Amino acid sequence: MILERLPGLDGRAATEPGLLCPYQLLEHGEFLTRLQQEGGRMMTLPLA
């Protein structure tokens with residue numbers, strides 16, 4: 042998804058150059074939808 046987002050292949054304008062983290066580029070809901078479509082899921086891990 043990051044590789045789609047940076048050059049604008051997702052239909053939005055290309056990302057401006059700079060130091061960016063994934064959470065700044067991807068929308069939370071969109072990420073979770075794509076994760077589920079690919080068979081992934083979020084898990085809660087116990088603290089040791």
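The numbering used here applies: residue 42 is where the sequence shown begins, and numbers increase by one. All residues carry an ideal CB built from backbone N, CA and C; glycine is no exception. In this text the structure is predicted, and so the values were computed from the model without any measurement.
- Message: Measuring straight from C-alpha to C-alpha, what distance separates residue 55 and residue 75?
- Response: Computed Cα separation, rounded: 20 Å.
- residue 82 in three-state terms, based on DSSP: Three-state result, residue 82: coil.
- Identify whether residue 48 lies in helix, strand or coil by the three-state DSSP scheme. Of the three classes helix, strand and coil, the one that applies to residue 48 here is coil, per DSSP.
- Query: Can you tell which of 85, 83, 46 has the C-alpha that lies nearest to the C-alpha of residue 62?
  - Reply: Nearest option by C-alpha distance: 46.
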